[in-house]
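1 is the number of the first residue of the sequence shown in the working numbering; add one for each residue after it.
In this text, a Cβ means the ideal position worked out from N, Cα and C, and glycines have one as well.
See below for the structure under consideration.
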Amino acid sequence: MSVVRICRAIVMNERSILPVSSILHGEYGIHDIALSMPAVIGEEGVETQVPIVLSEEEQTKLQESAEALKQVAEQITF
Numbered sequence: 001m002s003v004v005r006i007c008r009a010i011v012m013n014e015r016s017i018l019p020v021s022s023i024l025h026g027e028y029g030i031h032d033i034a035l036s037m038p039a040v041i042g043e044e045g046v047e048t049q050v051p052i053v054l055s056e057e058e059q060t061k062l063q064e065s066a067e068a069l070k071q072v073a074e075q076i077t078f
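Set out below in structure tokens:
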């Protein structure tokens, strides 16, 4: 996804559905980690996440991926 496309959606308040990384707040049982998921993008940036239907296996794999990212993030020090 091009940065130009995302910026245009924000500046023009297009309310377009685009795949972008944003912090999840309980969607799919995932908290406090950023994943690339479809979201409505408008003048406020990510306005809402677009729910997608996942099989049980897909949801489990998504949660495992989020947990792996969380573990890596916890090891990063500045």
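Checklist line | Segments assigned beta strand (DSSP E), at least 3 residues, entirely inside the stretch 11-56 | finding: 16-25, 31-42, 45-49
Note to self: What does the Cβ neighbour count give for Ala-73, buried or exposed, with the cut at 16 atoms within 10 Å?
What the structure shows: exposed
Next item on the list: Can you grab the Cα-Cα spacing for the pair Glu-67 / Pro-51, in whole Å?
Entry: When rounded, the distance between both Cα atoms is 20 Å.
Next item on the list: Measure the CB-CB distance between Pro-38 and Leu-54 and report whether it falls below 9 Å.
Entry: It is not a contact, given that the beta carbons lie outside the stated cut-off.
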